[in-house]
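**Q**
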Amino acid sequence: DLPLAEPVGSLSAGDRQLVEIARALLIDARVVIMDEPTSSLGLVEIERLFGIIAGLRHEGVAVIYISHFLAEVQRIADRFLVLRDGCVVGEGATGAATVADLIELMIGRRLPEMFPVFSRTIGAPLLTLSGVGTAGQSGRVDLTLHRGEILGLAGLVGAGRTELLRGICGLDPVVSGQVRVAGYSGRKHWQAGGLTPGVGLLSENRQTEGLALGRSVGHNILLSRLVPFARWGWLDTRAMRQTVERLIAQLGIRALGAEQFVSELSGGNQQKVAFARLLHHDVDVLLLDEPTRGIDVASKAQVYKWINELVGRGKGVVMVSDHVPELLGICDRITVMHRSRVVATRPAKDWTDRDILTAATSGEGVAA
């Protein structure tokens, strides 16, 4: 249910997406084009949308469904058509192609396993939350993240996952409890202001919070951490340029150079710039809010690889995603949240997508 009197600009990304879908459905059209309609939707909203699509098909309405979530395409589409560089490179019945087949058509080569298995050791506790509550949230959260671990946060839109990440890193006030990062003093709720040391956040909305679109690639990567380049009151521009060039090469950012405006890059390359800035911060705890939203399949595979490499070096990752197969594929443990409280936490291998949906909607744990 959406607050009808609320200005659209104040709605969450997921609610704004629902408004767009509702507006499109009000037109008595015979053809409906949906471009990445689930990119900002939660579990229940996605199921509701699929029900709407089924109803449209029953009424004889044709739906063109554009998505990078290939499991969704296989689930709801009758036929597929793949474009690459503006040309049709493949089409056919959806049931006749696997996800791997579609990926190969999309990028022109066979990708390795989307969620490769990396051998790593889970270490000592790195981030500990004790009774943490953020402004406007009624729940209190207890969580532990270990070195070398990827902890996934699942839940519905509005479950409090984004608010929790913002509270952990210090962007939003923590009104109760304590946030502890190994090697740093604990931050209590009455310690207002300032970011939590040792913690970095990749925002869910890169265009309004994650990046300065009107600035260059180099500025976006370096601007929030210039201390390593400060020498006797001067900035070492040569070292700055070398750092930017190294990160551009390391992450495969496709740009004309460090001076190109970020606004001119594709969504996938914008996300790579946001990742580059996070890597430049060299923090131990990385909070990733929808890190693969709106990017292509090849870029997603790169993101998964980078995340695994980071935790392989002893970092810890907390990852929010509305795409349950992503959490099941990459995370060591998954925590389900409901109305800003933790419902259950268990190893990813002990969850199914149905169990996660049930826990997220009911607010009750599901037997493993």
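According to this note's numbering, the residues represented by the sequence shown are 314 to 681, in order.
Ideal Cβ positions, reconstructed from N, Cα and C, are used throughout, including at glycine.
For a test of the three-state rule: what should DSSP assign to residue 491, helix, strand or coil?
**A** Here residue 491 refers to the residue found at position 178 when the sequence shown is read from its first residue. Residue 491: strand per DSSP, three-state reduction.
**Q** Can you list, in chain order, the residues of its chain with a C-beta nearer than 6 Å to that of residue 497? Leave out the 5 residues immediately preceding and following it.
**A** As a position in the sequence shown, residue 497 is number 184, starting the count at 1. Taken in chain order, the residues that qualify are 510, 511.
**Q** Kindly indicate the opening and closing residues of the alpha helix (DSSP H) around residue 617.
**A** Stepping through the sequence shown from its first residue, residue 617 is reached at position 304. Element bounds for residue 617: 610-625.
**Q** DSSP three-state label for residue 415, please.
**A** By one-based count along the sequence shown, residue 415 stands at place 102. Helix, per DSSP.
**Q** Which residue's Cα is closest to the Cα of residue 432: 625, 405, 605, 641?
**A** What you label residue 432 is simply residue 119 of the sequence shown in a count that begins at 1. Checked all of 625, 405, 605, 641; the closest Cα to residue 432 is 625.
**Q** What's the gap between the Cα of residue 551 and the Cα of residue 387?
**A** Along the sequence shown, read from residue 1 onward, the residue named residue 551 stands at position 238. Along the sequence shown, read from residue 1 onward, the residue named residue 387 stands at position 74. Cα to Cα, residue 551 sits roughly 50 Å from residue 387.
**Q** Which stretch, first to last residue, makes up the beta strand (DSSP E) that contains residue 400?
**A** Along the sequence shown, one-based indexing puts residue 400 at 87. Start and end: 400-406.
**Q** Report buried or exposed for residue 520, applying the criterion of at least 16 other Cβ atoms within 10 angstroms of its Cβ.
**A** Within the sequence shown, residue 520 is the residue found at index 207, counting from 1. Classification of residue 520: exposed, given that the 10 Å Cβ count is below 16.
**Q** In the structure shown, what three-state DSSP assignment does residue 504 receive?
**A** Here residue 504 refers to the residue found at position 191 of the sequence shown. A caution first: residue 504 carries a pLDDT of 44, below 50, which makes its placement in the model unreliable, though a value can still be read off. Looking at residue 504 - three-state DSSP - the assignment turns out to be coil, as it is neither helix nor strand.
**Q** Which residue from 372, 349, 469 puts its Cα closest to that of residue 342?
**A** As a position in the sequence shown, residue 342 is number 29, starting the count at 1. Comparing Cα-Cα distances from residue 342 to each of 372, 349, 469, the minimum goes to 372.
**Q** In whole angstroms, what separates the C-alpha of residue 467 from that of residue 444?
**A** Taking the first residue of the sequence shown as position 1, residue 467 is located at position 154. Taking the first residue of the sequence shown as position 1, residue 444 is located at position 131. For residue 467 and residue 444, the distance between alpha carbons rounds to 19 Å.
**Q** Report the rounded CA-to-CA distance for residue 379 versus residue 405, giving the unit in angstroms.
**A** Taking the first residue of the sequence shown as 1, we reach residue 379 at position 66. Taking the first residue of the sequence shown as 1, we reach residue 405 at position 92. Those two C-alpha atoms are separated by around 15 Å.
**Q** Once the 5 residues before and after residue 461 are set aside, which same chain residues still bring their CB inside 8 Å of it?
**A** Residue 461 sits at position 148 when you count from the first residue of the sequence shown. Result list for residue 461: 433, 434, 435, 436, 624, 625, 627, 628, 629, in chain order.
**Q** Taking the alpha-carbon positions, what's the residue 590 to residue 533 distance?
**A** Taking the first residue of the sequence shown as 1, we reach residue 590 at position 277. Taking the first residue of the sequence shown as 1, we reach residue 533 at position 220. The alpha-carbon atoms of residue 590 and residue 533 are separated by roughly 7 Å.
**Q** Taking the C-alpha atoms as reference points, what is the distance between residue 485 and residue 479?
**A** As a position in the sequence shown, residue 485 is number 172, starting the count at 1. As a position in the sequence shown, residue 479 is number 166, starting the count at 1. Cα to Cα, the separation comes out at about 5 Å.
**Q** Is it right to say residue 578 is buried, meaning 16 or more other beta carbons lie within 10 angstroms of its own, or is it exposed?
**A** Translated into positions along the sequence shown, residue 578 becomes position 265. With 16 or more other Cβ atoms within 10 Å, it is buried.
**Q** Contact between the segment 634-651 and the segment 666-675: three or more CB pairs below 8 Å?
**A** A contact exists between the segment 634-651 and the segment 666-675.
**Q** Nearest to residue 488 by CA position, among 454, 616, 563, 367, is which residue?
**A** Counted from its first residue, the sequence shown places residue 488 at position 175. With distances taken between Cα atoms, residue 488 lies closest to 454.
**Q** Less than 8 Å between the CB atoms is what I'm expecting for residue 464 and residue 644, so what's the real figure, rounded?
**A** Counted from its first residue, the sequence shown places residue 464 at position 151. Counted from its first residue, the sequence shown places residue 644 at position 331. Right, the Cβ-Cβ distance comes to about 7 Å (below 8 Å), so this counts as a contact.
**Q** Tell me whether residue 660 is buried or exposed, calling it buried when 16 or more other Cβ atoms sit within 10 Å of its Cβ.
**A** Here residue 660 refers to the residue found at position 347 of the sequence shown. The residue is exposed, with fewer than 16 neighbouring Cβ atoms inside 10 Å.
**Q** Could you round the C-beta distance between residue 527 and residue 557 to whole angstroms and report it? I think they count as a contact, below 8 Å.
**A** Looking up residue 527 in the sequence shown gives position 214. Looking up residue 557 in the sequence shown gives position 244. About 17 Å separates the two Cβ atoms, so there is no contact after all.
**Q** Just list the alpha helix (DSSP H) runs in the segment 507-561, keeping only unbroken ones of 4 residues or longer that don't cross its boundaries, in chain order.
**A** You should have 530-535.
**Q** Along the chain, where does the beta strand (DSSP E) that runs through residue 438 open and close?
**A** Your numbering for residue 438 matches position 125 in the sequence shown. Start and end: 438-447.
**Q** Would you identify the three-state DSSP class for residue 647, choosing helix, strand or coil?
**A** Walking along the sequence shown from the start, residue 647 turns up at place 334. In this structure, residue 647 counts as strand in the three-state DSSP scheme.
**Q** Can you tell me whether residue 662 is buried or exposed? The criterion is at least 16 other CB atoms within 10 Å of its CB, across all chains shown.
**A** For the purposes of this step, residue 662 is identified with residue 349 of the sequence shown, where counting begins at 1. So residue 662 counts as exposed.
**Q** Measure the beta-carbon distance from residue 491 to residue 473 and round it to whole angstroms, keeping in mind my assumption that it falls under 8 Å.
**A** Reading the sequence shown from its first residue, position 178 is the one you call residue 491. Reading the sequence shown from its first residue, position 160 is the one you call residue 473. Not confirmed; about 18 Å, so no contact.
**Q** At what residues does the alpha helix (DSSP H) containing residue 593 begin and finish?
**A** To locate residue 593, count along the sequence shown from 1; it is residue 280. Unbroken alpha helix (DSSP H) run through residue 593: 580-594.
**Q** From residue 504 to residue 448, what distance separates their C-alpha atoms?
**A** Looking up residue 504 in the sequence shown gives position 191. Looking up residue 448 in the sequence shown gives position 135. With a pLDDT of 44 at residue 504, under the threshold of 50, the modelled position of this residue cannot be trusted; read the value that follows with caution. Approximately 14 Å, taken between the alpha carbons.
**Q** Which residues does DSSP pair with residue 660 in a beta bridge?
**A** As a working mapping, residue 660 is identified with position 347 in the sequence shown. DSSP, once it has assigned bridges, lists 646 as partnering residue 660.
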